[in-house]
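Straight run, no breaks: the sequence shown in my numbering ends on number 214.
The beta carbon of each residue, even a glycine, is placed where N, CA and C say it ideally should be.
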Amino acid sequence: MNILQNIHAFDVQTFSWCMARKHRAKLTSMGRAVSFTADGPLYAALAMILWFTGYHILVMIMVLGFTLERILYLILKRGFKRNRPADALDNFNSFIIPSDQFSFPSGHTSGAFFMAYCLSEWFPGLNMMLYFWAMNVGLSRIFLGVHFPTDTVIGALLGSACAATMIGVLA
Numbered sequence: 044m045n046i047l048q049n050i051h052a053f054d055v056q057t058f059s060w061c062m063a064r065k066h067r068a069k070l071t072s073m074g075r076a077v078s079f080t081a082d083g084p085l086y087a088a089l090a091m092i093l094w095f096t097g098y099h100i101l102v103m104i105m106v107l108g109f110t111l112e113r114i115l116y117l118i119l120k121r122g123f124k125r126n127r128p129a130d131a132l133d134n135f136n137s138f139i140i141p142s143d144q145f146s147f148p149s150g151h152t153s154g155a156f157f158m159a160y161c162l163s164e165w166f167p168g169l170n171m172m173l174y175f176w177a178m179n180v181g182l183s184r185i186f187l188g189v190h191f192p193t194d195t196v197i198g199a200l201l202g203s204a205c206a207a208t209m210i211g212v213l214a
């Protein structure tokens with residue numbers, strides 16, 4: 044068994060454990076709301092607010108960093124073409140309709156960790172809250188049935204790496 048098969052086996056086992064939790068219905072309901080907070084239009088609205096309140100460098104980092112993140116995200120999505128849980132597992136349906144076909148990496152999680160990293164640099168007092176939110180975005184994507192755990196882990200790493208890169212270059 045190669046490493047990708049081992050990772051997939053771990054993912055299926057962990058995903059199945061998450062889906063078997065007795066409080067899954069409540070987690071799914073909360074997951075919808077948390078996942079919504081990581082949708083792209085809300086980031087654009089936040090960027091506009093930040094721009095008009097004088098955080099021009101932060102907004103430039105956000106725009107350029109999200110561009111880098113989206114490019115890398117699409118390369119990974121199209122390169123790996125990993126099926127989502129509903130397509131990979133028998134007798135399973137996700138709780139929402141995903142915006143695209145493939146699972147790896149999680150774009151919502153990547154975007155959330157990108158935002159948490161960037162905003163934590165400018166607003167360090169919000170650090171814990173921002174990362175708690177980003178972590179919950181990743182968990183919500185699992186409990187909504189649209190991602191395996193490693194999709195969200197790699198999404199978190201991708202978003203954080205893009206934020207660190209842009210801050211290192213532009214700040």
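Buried/exposed call for residue i, threshold 16 Cβ in 10 Å
| i | result |
| --- | --- |
| residue 148 | buried |
| residue 179 | buried |
| residue 81 | buried |
| residue 102 | buried |
| residue 175 | exposed |
| residue 79 | exposed |
| residue 190 | buried |
| residue 193 | buried |
| residue 203 | buried |
| residue 85 | exposed |
| residue 151 | buried |
| residue 195 | buried |
Reduced DSSP category for residue i - H, G, I as helix; E, B as strand; rest coil
| i | result |
| --- | --- |
| residue 134 | coil |
| residue 147 | coil |
| residue 170 | helix |
| residue 45 | coil |
Beta-carbon proximity check, residue i vs residue j, cutoff 9 Å
| i | j | result |
| --- | --- | --- |
| residue 206 | residue 104 | yes |
| residue 188 | residue 62 | yes |
| residue 161 | residue 210 | yes |
| residue 71 | residue 138 | yes |
| residue 53 | residue 132 | no |
| residue 125 | residue 141 | no |
| residue 116 | residue 169 | no |
Residues near residue i in its chain [Cβ-Cβ closer than 6 Å; skip 5 each side]
| i | result |
| --- | --- |
| residue 213 | 104 |
Own chain partners of residue i with C-beta closer than 7 Å, once the 5 adjacent residues on each side are dropped
| i | result |
| --- | --- |
| residue 49 | none |
| residue 129 | 135, 136, 137, 188 |
Near the ligand ADP: residue i beta-carbon under 8 Å from a heavy atom
| i | result |
| --- | --- |
| residue 172 | Inclusion of the ligand ADP in the displayed structure is not the case, the ligand content being empty and no account of it being possible. |
Residues near residue i by beta carbon distance below 8 Å, same chain, minus five either side
| i | result |
| --- | --- |
| residue 55 | 131, 132, 191 |
Inter-stretch contact (C-beta, 8 Å, three-pair minimum) for the region 143-160 and the region 178-193: yes
Given 8 Å, three or more beta-carbon pairs between the region 182-194 and the region 72-80: yes
Inter-stretch contact at 8 Å, needing at least 3 Cβ pairs: the region 138-147 / the region 114-126: Output reads yes: the region 114-126 touches the region 138-147.
Inter-stretch contact (C-beta, 8 Å, three-pair minimum) for the region 104-114 and the region 156-176: The region 104-114, when compared against the region 156-176, does touch it at the 8 Å Cβ threshold.
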